[in-house]
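**Q**
Protein chains in written order, with the working numbering: chain A, 127 to 227; chain B, 9 to 677.
1. Give a yes or no on whether the minimum CB-CB distance between residue 637/B and chain A is below 8 Å.
2. Between which two residues does the beta strand (DSSP E) carrying residue 89/B extend?
3. If you draw a straight line from the C-alpha of residue 103/B to the C-alpha of residue 243/B, how long is it?
4. When you compare only the Cα positions, how much space is there between residue 180/A and residue 641/B?
5. What does residue 222/A touch in chain B if you count any residue whose Cβ is under 9 Å from its own?
6. What distance in whole Å lies between the Cβ atoms of residue 219/A and residue 656/B, which are believed to be in contact at a cut-off of 8 Å?
7. Could you give the first and the last residue of the continuous beta strand (DSSP E) run that contains residue 104/B?
8. Counting only the same chain and skipping the five closest in sequence on each side, list residues whose C-beta sits under 7 Å from that of residue 388/B.
9. I'd like to know whether the C-beta atoms of residue 248/B and residue 309/B end up nearer to each other than 8 Å.
10. Could you tell me if residue 409/B is buried or exposed, where buried requires 16 or more neighbouring beta carbons within 10 angstroms of its beta carbon?
11. Taking the alpha-carbon positions, what's the residue 271/B to residue 233/B distance?
12. Would you please state the rounded distance, in angstroms, between the beta carbons of residue 152/B and residue 282/B? I believe it to be under 8 Å.
13. Mind reading off the beta-carbon distance from residue 348/B to residue 406/B? Whole number of angstroms is fine, and I expect it under 8 Å.
14. When you compare the CB of residue 219/A with every CB in chain B, is at least one pair closer than 8 Å?
15. Can you find a C-beta in chain B that's less than 8 Å from the C-beta of residue 148/A?
16. Does the structure place the stretch 460-476 of chain B close enough to the stretch 46-53 of chain B that three or more beta carbon pairs sit under 8 Å?
17. Taking C-alpha atoms, which residue in 65/B, 27/B and 25/B lies nearest to residue 41/B?
18. Alpha carbon to alpha carbon, how far is residue 252/B from residue 401/B?
19. Suppose the cutoff is 6 Å on Cβ atoms and the five residues either side in sequence are ignored; what does the same chain contact list for residue 254/B look like?
20. Looking at residue 531/B and residue 438/B, is the spacing between their C-beta atoms short of 8 Å?
21. If I measure Cβ to Cβ from residue 142/A and keep anything under 7 Å in the same chain, skipping five residues before and after, which residues do I get?
22. What are the uninterrupted segments assigned as alpha helix (DSSP H) that are 4 or more residues long and contained completely in the stretch 149-214 of chain A, given in chain order?
23. So, are the CB atoms of residue 418/B and residue 367/B less than 8 Å apart?
24. Give the list of continuous alpha helix (DSSP H) stretches no shorter than 4 residues that lie fully inside the stretch 151-205 of chain B.
25. Find the residues of chain D that neighbour residue 659/B, judging by a C-beta separation of less than 7 Å, and give them in chain order.
26. Alpha carbons only, please: which of 35/B, 185/B and 241/B is nearest the one belonging to residue 147/B?
27. Can you tell me whether residue 416/B is buried or exposed? The criterion is at least 16 other CB atoms within 10 Å of its CB, across all chains shown.
28. Is it buried or exposed, residue 9/B, if we count other Cβ atoms within 10 angstroms and call 16 or more buried?
29. On the DSSP bridge assignment, give the partners of residue 496/B in chain order.
30. Which residue from 616/B, 369/B, 513/B and 109/B puts its Cα closest to that of residue 230/B?
31. Can you give me the C-alpha to C-alpha distance between residue 111/B and residue 63/B, rounded to a whole angstrom?
32. Taking only beta-carbon positions, decide if residue 144/A is within less than 8 Å of chain B.
33. Whose Cβ in chain A lies nearer than 7 Å to the Cβ of residue 663/B?
34. Go ahead and pull the three-state DSSP assignment for residue 555/B.
35. Do you know how far the Cα of residue 431/B is from the Cα of residue 499/B?
36. Thinking just about the alpha-carbon of each residue, which of 140/A, 201/A and 210/A is nearest to the one in residue 169/A?
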């Protein structure tokens, strides 16, 4: 498999994530879409690492960073979603306009 | 300095006077410092500033007395000038002269001022504007001292005008009444006309000689310098015109009687020591010029003086106002002084100035005391005050006898000396007019005295003697009116002649006036006759004095009461023509030109301000500012709608933005 194929796969995954981010109303699904985007990035990092074969394995290290940060982010995100749901009886993103003018 | 002064053939030794003369500038400066102190602190003082004025004059009196004693014992000639400015070739200097003449004047001004100021403390008590009065009064005396101390004509003019403005302020002291302020203006304008002569004369003499210093001008005059010869007589006449104004000589005498409008202490000082003596002082100061190069015009001086002494004396007879009698008397006595100086009687003229200062100052003080008691100037409201006001009465008597020239009172010696001088120097007619004048003087003074102090009291005020602060100065001057003449008795003691003889300038002719027994006896006889006739006219029916106008001579009396119609003549010939067309032209130019300019400027300013406010400010700047605010506000109002709070919209916008950035980067790299 060539690098390009990995990149195309990553791009497809990223686009799918963006699509999900913009379209899905359920906050949990939005978080899921963000995970998808992050993993697309991880895929790219790994692919470039493997293709360039650098000596210090930066791509793999960054991918692990991203995974750990994503885990922390999802933890916080789910906590926020739970709180919102408890207050509003809904987790729909388009109903959350507390930050408007 | 010239240590030796030639007076006639004798050599008078003189010193420079040491530090006493060097510090004599204090005599001038202290009154002005006192004036400022009165202005700034006077209102807070218990006597409203009067004590500062009296203190300053006490200083002048003491300093002048010390200088006079120094001059009597040693003879002092000192002159110092400080250069104030240099304008081209003209040097303006300020200085002070201490010699026989100025020392005598310092003493007269200091003594009279000290006593009159003390008197004024009582007289002006409870008056309006006491502080203002004392400030102006101190300025009056200080200006006179500037004039007397001047070593050059420019400083003399400064003091001269200072005296003029002070007299204007003081005569118009009660300016709430129109005639008082008018009297002040009359004095000022009359003097101003004469001052033009003085100023032109000073300029002519100063530019001809190249210096305004007396010493330079008089040295040139005594040396018969060629530069001065063409203008000497002209300059002398012009200076004399100035002196005529200040010393109220005919025809400039009209202001002095009206100057009675001021408070009585002002009249007293003005008639005794300041103002009117300034003209006599000027002639005496410039005497070497008149005695030498300008000798041709001495006849003019004698004639003017003689006319003045006669006509003013006649006018004094018909006055009902006590102060006006004294005022015309002053004019008359000034005529004597001027005539004496013109006839070559340097000592005689100054001697009369000296004695006259004491008794005329006193006469005004006593008149003030009487007026203070009876609340009227009119002698018809007086009478019988002899018992009720003993100090005033005896002071008045002493001064009257001095003025009437009864031996041994002061005026006798000086008036006799004037008559003797006039006779000996060939002015026989003037001498006889002077003797007639002595008769007239005695008559009007006898009239004033009998009407005021004898007979029955005809007023309705509660008459009382004046307080001690007024009575003591009168008593002191009463003694002075007796003894002041004893300083110069020809043939016996000629002290005064020597005092005023000590000067830095050599006199061409300066002999002591001789004793003339027949003239003396004639003068004395005429004076006694005047008193006796006045006694018969005004004392014989003293109880009623209803018939006191029985000497009313049909044509002469109205003529005198109208003051020879001189005032009317001046009004018709000078004042009204000036008032008419010139005043009208000035009024027109004021209404139409000056007012037009002013109003135009006002209208223009209003238009400009309206434009600035309405158009520029309201519609320009404010509009710009407000518009900017409105635009910003409405823009903000629209832009804030972007903040929907919807996370997905934000994400979409971010995505679009990133996509655009990526596209831009791809295109431009």
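Glycine included, every Cβ here is placed at the ideal spot set by N, Cα and C.
**A** Walking through what the data contain:
1. If you number the second chain from 1, residue 637/B lands on position 629. No, residue 637/B does not count as interfacial toward chain A.
2. Numbered from 1 along the second chain, position 81 holds the residue referred to as residue 89/B. Per DSSP, residue 89/B is one residue of the beta strand (DSSP E) stretching across 86-95.
3. On the second chain, position 95 is the one that residue 103/B refers to. On the second chain, position 235 is the one that residue 243/B refers to. Cα-Cα distance, rounded: 23 Å.
4. As a working note, residue 180/A is residue 54 in the first chain. As a working note, residue 641/B is residue 633 in the second chain. Their Cα atoms are separated by approximately 56 Å.
5. Taking the first residue of the first chain as position 1, residue 222/A is located at position 96. Going along chain B in sequence order, the residues near residue 222/A (Cβ under 9 Å) are 653, 654 and 655.
6. Residue mapping note: residue 656/B aligns to position 648 of the second chain, counting from 1. Residue mapping note: residue 219/A aligns to position 93 of the first chain, counting from 1. Right, their Cβ atoms sit about 6 Å apart.
7. Here residue 104/B corresponds to residue number 96 of the second chain, with the count starting at 1. Its beta strand (DSSP E) spans residues 98-106.
8. Indexing the second chain from 1 puts residue 388/B at position 380. These residues qualify, in order along the chain: 328 and 466.
9. Position 240 of the second chain holds residue 248/B. Position 301 of the second chain holds residue 309/B. Yes, Cβ-Cβ distance for residue 248/B and residue 309/B is below 8 Å.
10. Within the second chain, residue 409/B is the residue found at index 401, counting from 1. So residue 409/B counts as buried.
11. If you number the second chain from 1, residue 271/B lands on position 263. If you number the second chain from 1, residue 233/B lands on position 225. Taking C-alpha positions only, residue 271/B is separated from residue 233/B by approximately 48 Å.
12. If you number the second chain from 1, residue 152/B lands on position 144. If you number the second chain from 1, residue 282/B lands on position 274. Between residue 282/B and residue 152/B the Cβ distance is about 4 Å, and since that is below 8 Å, they are a contact.
13. As a position in the second chain, residue 348/B is number 340, starting the count at 1. As a position in the second chain, residue 406/B is number 398, starting the count at 1. That pair is no contact at about 23 Å.
14. Indexing the first chain from 1 puts residue 219/A at position 93. Answer yes: the Cβ-Cβ gap between residue 219/A and chain B drops below 8 Å somewhere.
15. Position 22 of the first chain, counting from 1, holds the residue named residue 148/A. So, interface residue.
16. no
17. For the purposes of this step, residue 41/B is taken as the residue at position 33 of the second chain. Of the candidates 65/B, 27/B and 25/B, the one whose C-alpha sits nearest the C-alpha of residue 41/B is 65/B.
18. Taking the first residue of the second chain as 1, we reach residue 252/B at position 244. Taking the first residue of the second chain as 1, we reach residue 401/B at position 393. Using only the alpha carbons, I get a separation of about 33 Å.
19. Counted from its first residue, the second chain places residue 254/B at position 246. Closer than 6 Å at the Cβ level, and outside the excluded window around residue 254/B, lie 286 and 287.
20. Residue numbering aside, residue 438/B sits at position 430 when the second chain is read from its first letter. Residue numbering aside, residue 531/B sits at position 523 when the second chain is read from its first letter. Not a contact, by the Cβ cut-off of 8 Å.
21. Counted from its first residue, the first chain places residue 142/A at position 16. Excluding residues within five positions, the ones whose Cβ falls inside 7 Å are 162.
22. 153-178 and 184-214
23. In the second chain, the residue the question calls residue 418/B occupies position 410. In the second chain, the residue the question calls residue 367/B occupies position 359. Going by C-beta atoms, residue 418/B is nearer than 8 Å to residue 367/B.
24. 161-179
25. No chain D appears in this structure, whose protein chains are A and B.
26. Numbered from its first residue, the second chain carries residue 147/B at position 139. The option with the nearest alpha carbon to residue 147/B is 35/B.
27. Here residue 416/B is taken as the residue at index 408 of the second chain, counted from 1. Answer is exposed; the Cβ neighbour count stays below 16.
28. Along the second chain, one-based indexing puts residue 9/B at 1. Confidence at residue 9/B is low in this model, with a pLDDT of 32, below 50, so its placement is unreliable and the value that follows should be read with caution. Looking at its Cβ environment, which holds fewer than 16 other Cβ atoms inside 10 Å, residue 9/B is exposed.
29. Locating residue 496/B in the second chain gives position 488, where the first residue counts as 1. Note: residue 496/B sits in a beta bridge opposite 502/B.
30. Counting from one through the second chain, the residue named residue 230/B turns up at place 222. It is 513/B.
31. On the second chain, residue 111/B is found 103 positions in, with the first residue counted as 1. On the second chain, residue 63/B is found 55 positions in, with the first residue counted as 1. Rounded to the nearest angstrom, the two C-alpha atoms are 20 Å apart.
32. For the purposes of this step, residue 144/A is taken as the residue at position 18 of the first chain. Yes - at least one Cβ of chain B is within 8 Å of the one on residue 144/A.
33. Looking up residue 663/B in the second chain gives position 655. Going along chain A in sequence order, the residues near residue 663/B (Cβ under 7 Å) are 144.
34. By 1-based counting over the second chain, the position of residue 555/B is 547. Unreliable placement is indicated for residue 555/B, whose pLDDT of 49 sits below 50; the coordinate value is still reported in the next sentence. Looking at residue 555/B - three-state DSSP - the assignment turns out to be coil, as it is neither helix nor strand.
35. The sequence position of residue 499/B within the second chain is 491, counting from 1. The sequence position of residue 431/B within the second chain is 423, counting from 1. So the two alpha carbons sit approximately 17 Å from each other.
36. Taking the first chain and counting its residues from 1, the one referred to as residue 169/A is at position 43. Closest by alpha carbon: 140/A.
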